[in-house]
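Going line by line, the protein sequences match chains S and D. When we follow my numbering, the leftmost residue of the first sequence carries the number 7, and every step to the right adds one. When we follow my numbering, the leftmost residue of the second sequence carries the number -11, and every step to the right adds one. A virtual CB, placed ideally from N, CA and C, is assigned to each residue, including glycine. Reading through the structure tokens given below for one structure.
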Amino acid sequence: MDDATNTTTAAATRADGRPAATRAPQTITTGPFAVVLATAPARDADGPAALLPWESGTILERLLEQLASLGVTRAAVITRPAWRRDVAAAAPGAEMLESGDAAADLRRIADVARDTTGAVVVLHGDIVTHREALAGLLADPRVATGVLGGGGALARPFAFRFRARRGRIISAASPYHATFRPTAPFLGALKVAPNDVAVLCAAADQLAGATEVVSEEWLGELRRKEGMWRMSLYRRALDAETEEDPDGAENAAEGPEDVDDDDPNASEEELTLDRFALELSEEDEIRVRERVAAAPDDVVSLLLVGLVRDGAHVSVSHLRKLFWARPLSTEGVEQASEDILDYDEDRVLLDSAVKARDGFFTTFFVSPYSRYIARWAAHRGYTPNQITTVSVLMGLVAAILFATGERWGLIAGAVVLQVAFTTDCVDGQLARYSRQFSKLGAWLDSVFDRTKEYLAFAGLAIGASRMGDPVWTLACCALILQMVRHMSDFAYGAGQQQAIGATTHPPLTQSADTWSAAVEVRREARAKAMEQAAAAGVPFEEFVDESAPPPTPAERVKRSMRFALKAWHVLDRARPLQWVKRMITFPIGERFAAISITAALFTPRVTFIVLLAWGSFAALYMTVGRLLRSFSR
Amino acid sequence: MSAAATTAHAPTERPSALLVYRDDGAIARALGAAVAPRLRRVPAILPALAAVVPLLVAIAISDARASNLAAGLVLAWLVIVGGLSHGASHRDRMAWAVPPTVRLAEYAALLWIAALDDVASQPAAFALLCALAFRAYDLVYRLRHQASTPAAWVNAISLGWEGRVILAFLLLVAGALPAGYFVWAAIVAAVFVGEATVSWMAHARGQRTVDYEDEEDEGQ
Chain S
7 MDDATNTTTA AATRADGRPA ATRAPQTITT GPFAVVLATA PARDADGPAA
57 LLPWESGTIL ERLLEQLASL GVTRAAVITR PAWRRDVAAA APGAEMLESG
107 DAAADLRRIA DVARDTTGAV VVLHGDIVTH REALAGLLAD PRVATGVLGG
157 GGALARPFAF RFRARRGRII SAASPYHATF RPTAPFLGAL KVAPNDVAVL
207 CAAADQLAGA TEVVSEEWLG ELRRKEGMWR MSLYRRALDA ETEEDPDGAE
257 NAAEGPEDVD DDDPNASEEE LTLDRFALEL SEEDEIRVRE RVAAAPDDVV
307 SLLLVGLVRD GAHVSVSHLR KLFWARPLST EGVEQASEDI LDYDEDRVLL
357 DSAVKARDGF FTTFFVSPYS RYIARWAAHR GYTPNQITTV SVLMGLVAAI
407 LFATGERWGL IAGAVVLQVA FTTDCVDGQL ARYSRQFSKL GAWLDSVFDR
457 TKEYLAFAGL AIGASRMGDP VWTLACCALI LQMVRHMSDF AYGAGQQQAI
507 GATTHPPLTQ SADTWSAAVE VRREARAKAM EQAAAAGVPF EEFVDESAPP
557 PTPAERVKRS MRFALKAWHV LDRARPLQWV KRMITFPIGE RFAAISITAA
607 LFTPRVTFIV LLAWGSFAAL YMTVGRLLRS FSR
Chain D
-11 MSAAATTAHA PTERPSALLV YRDDGAIARA LGAAVAPRLR RVPAILPALA
39 AVVPLLVAIA ISDARASNLA AGLVLAWLVI VGGLSHGASH RDRMAWAVPP
89 TVRLAEYAAL LWIAALDDVA SQPAAFALLC ALAFRAYDLV YRLRHQASTP
139 AAWVNAISLG WEGRVILAFL LLVAGALPAG YFVWAAIVAA VFVGEATVSW
189 MAHARGQRTV DYEDEEDEGQ
């Protein structure tokens, strides 16, 4: 339950004509400046894909309207000289910029961004998505510099991917840059906070120079990607033939998942295949050709690489389960306009307002109905801060009831405490659903969570003293344990951020990122050793790779820790076990449930003993896990 | 990478979170600074553990009875060795374990001191712990959402963890428990909550975005 609130409740104008009931507009004093790229050609029509028809207008008009409704006050459209007139007609309020190629695109972006004082948004003009998806990136105060990411199958085949850790991008791919084990696709929309705009401009300038005359290394990377795309199409065709892949047919429109060179599921045989000798169907050959042709124009992904490699803090706004597409053809637009109708935007928003990684108790006993309370509260115009306040007042009432020490008081207190906890879940969900985030709200929510819990401790201890069974020492111990556990969570997170922030990134001219470069070195050493062995007449089966240096003791510790962690994660595959593991960590829902149940049925002494026993076990469990992770790095 | 762009992201701009979470006072800082050149390569968790283990052993075997001299020695060791750990490395792989260890040491010491006094001091210890817990959380949340720390005068009044342990021991020796704890708790609660509220109100008025660090509170 971390995010909450703002006090803005005025009605929003909705671009898609739905009632303006709940979405609050953001109070943005100087709106971001949007640079929209209408440079990708439509596959089967004359002109840019951004000008493909959408309802009564074009995709570009729809996108610009969505941006304007999200507070974008100034927009510039970059297009090719031949399309300028048509684009200008479709985007009457926007500045027009002409450019001949990707390098010029980057220069234009640097030129216009340099003069702005506010945030800058760079995105493809041919994106079809829900307004709320863009809102998550543009209007969420928690995202300073960030991208729209996610989408899974929807994002194929035109999106490059990135690798994120703890919500921060640590490596990104572009036509010319590789990412080691990417975690999600980049959906072509990038927001840059005012204090990162200088970095953006510097990166754009540098990239412009490098794209004018593309280096051998960069071309090699694009070629590697082409092989990867061929491989994935080949694999899918094979799967479709043998009908092994049940969703092969379903995903046909989106294209198959990209095969990575470091894909742990890829067989040795697949990795050594000559990908350019693979026989593809005519349709797939066209697909690859189009993708390779379109890739160098994806300057937004290049800019993302520039920001990440320069150490900028780029966070991710997830698409959640909303719709996203870059149709790029009349046929694609028709498909997208049909597909987007299948989405119930309100439903998706409500479902994604529930935190993905909540505890067992919260997920199964609170969230199923609290989300409807959240929606009700949103329609009534309540703010998350009001709900938070109600929640803490109920926590106070529960503590007072506990303090009576009588059986009826303990039972009533237990019930009120549960109501307080539900209300507490509602405020976070309301904030996410109605997009009313604020730092103040997040703070209030966190502080009041702690307050409620420790008030309950105090109430129980007072009640026990009144009944002649003082438990203050136990109460103090329970409080200390919970404090130390929280501190461990915070400090562990901070330590991870510290490590991420200290990552050194290679220069933009290098295709491989820090991690894939290391893998590359290893692979080359192995290949060389294999060649030498073959030259010496060693049969393939007897080849022993001696190119690797013998592991140092520290290396051995690392490996055994990694092995232990891996074995531990095997358990995650069974869903019930996953829930058990989550319960063991004694999250807030479980703690409040344990307090209520033990207080109502037994005595405060039992409550504190249960809290201490379960909490100590959780602390031990989590400390062991963190030690393993710390030493496997 | 351009030079201008690189400097825009110097990681040193933000105070090191782990050092802030430790909540050291003037004594620990001075001790740490004095030994920093020698301890720079030593993981801080080692001196931190060395500081806290004798205290935990003493708590376990003392059965809430110890002479002032014995208690004073254990606490002095805690303050000195724990203070020295301020100067050790907070950038190694175990650095995350330091702030929780320091918190455990501080709170265990405060509770033990109350126990040495009398059972009647325990409610006062609870009150004091609640007030100090507010500060510990405030340090974390303010750094996370505002990228700042409490005002200098508040940090001075808070005394730092080692200052608090010393003050608690002095109150015990002076026979000022439990009233001393109650008064202390009331004062710092008013200061901490008051200053934090003012700071947040000001921050909310001029809300600007700060890098949001997703520190994922697994155990919340």
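By the criterion of Cβ-Cβ separation under 7 Å, what are the contact partners of residue i in chain S?
i, result
"H133/D", "K445, A448 and W449"
"V128/D", "F496"
Near residue i, which residues of its chain fall below 7 Å by C-beta distance, leaving aside the five closest residues on each side in sequence?
i, result
"D111/S", "L43, T45, I84, S105 and V305"
"L116/D", "L98, Y169, W172 and A173"
"G317/S", "H511"
For residue i, name the three-state secondary structure that DSSP assigns.
i, result
"T5/S", "The requested residue 5/S is not part of the displayed model; chain S covers only 7 to 639."
"E285/S", "coil"
"H511/S", "coil"
"A40/S", "strand"
"T85/S", "strand"
"L634/S", "helix"
"G148/D", "helix"
"H319/S", "coil"
"P252/S", "Any reading at P252/S must be qualified, since the residue scores a pLDDT of 43, below 50, and its modelled position is unreliable; the value itself is stated next. P252/S: coil per DSSP, three-state reduction."
"I590/S", "helix"
"A518/S", "coil"
"I133/S", "coil"
"V490/S", "helix"
"R472/S", "helix"
Starting from residue i, find everything on chain B with Cβ-Cβ shorter than 7 Å and list it in chain order.
i, result
"M489/S", "Here chain B cannot be found, since the structure's protein chains are S and D."
So, is residue i buried or exposed, given that buried needs 16 or more other C-beta atoms within 10 angstroms?
i, result
"H130/S", "buried"
"I594/S", "buried"
"P188/S", "buried"
"T591/S", "buried"
"N391/S", "buried"
"D495/S", "buried"
"A342/S", "buried"
"E250/S", "Note that E250/S scores 48 on pLDDT, short of 50, meaning its location in the model is unreliable and no value can be drawn from it."
"E340/S", "exposed"
"F192/S", "buried"
"Q584/S", "exposed"
Output, in chain order, the set of chain D residues within a Cβ distance shorter than 7 Å of residue i.
i, result
"F614/S", "Near F614/S there are no residues of chain D at all, since even the closest Cβ is about 12 Å away, more than 7 Å."
"R639/S", "R81"
Cutting at 8 Å between CB atoms, please list the residues of its own chain near residue i, excluding the five before and the five after it.
i, result
"R29/D", "S77"
"P513/S", "R315"
What residue range does the beta strand (DSSP E) around residue i cover?
i, result
"A170/S", "R167 to R171"
"L196/S", "A190 to V198"
"V360/S", "It is not in any beta strand (DSSP E) - V360/S carries neither H nor E in the DSSP assignment."
"M102/S", "E101 to E104"
"S177/S", "R174 to A178"
"L6/S", "What is shown of chain S runs 7 to 639, which leaves residue 6/S out entirely."
Return the chain-ordered list of same chain residues with a C-beta closer than 6 Å to the C-beta of residue i, the five sequence neighbours on each side being excluded.
i, result
"T217/S", "A108 and A109"
"Y349/S", "F329"
"A55/S", "A46, A48, D132 and L334"
"G37/S", "G77, V78 and T79"
"S373/S", "V360"
In chain D, which residues lie with their C-beta within 8 Å of the C-beta of residue i?
i, result
"M536/S", "Those do not exist, as M536/S stays about 34 Å from chain D at its closest Cβ, beyond 8 Å."
"I84/S", "Here the premise fails: no neighbours, minimum Cβ distance about 22 Å."
"R120/S", "The contacting residues do not exist; R120/S stays about 12 Å from chain D at best."
"A467/S", "P111 and F114"
"L284/S", "Those do not exist, as L284/S stays about 38 Å from chain D at its closest Cβ, beyond 8 Å."
What residues of chain S sit near residue i, judged by a beta carbon separation below 8 Å?
i, result
"Y9/D", "M493, F496, A497 and A500"
"H191/D", "K445 and L446"
"A48/D", "Under the 8 Å cutoff, chain S gives no residues; its nearest Cβ is about 13 Å from A48/D."
"P31/D", "Going along chain S, no residue has its Cβ under 8 Å from P31/D, so there is no contact; the nearest lies around 11 Å."
Could you work out which residues of chain S lie near residue i, taking near to mean beta carbons separated by less than 9 Å?
i, result
"L57/D", "Ordered by position in chain S, no residue passes the 9 Å Cβ test against L57/D, which lies about 24 Å from the chain."
In the DSSP assignment, find the alpha helix (DSSP H) that holds residue i and state where it starts and stops.
i, result
"L308/S", "V305 to R315"
"F94/D", "Sequence inspection shows Glu at residue 94/D; the Phe mentioned does not correspond to that position. Per DSSP, E94/D belongs to the alpha helix (DSSP H) from V86 to D105."
"I49/D", "I33 to S50"
"R26/D", "A14 to L27"
Give the residues of chain D in contact with residue i, contact being defined as C-beta atoms less than 9 Å apart.
i, result
"L325/S", "Ordered by position in chain D, no residue passes the 9 Å Cβ test against L325/S, which lies about 17 Å from the chain."
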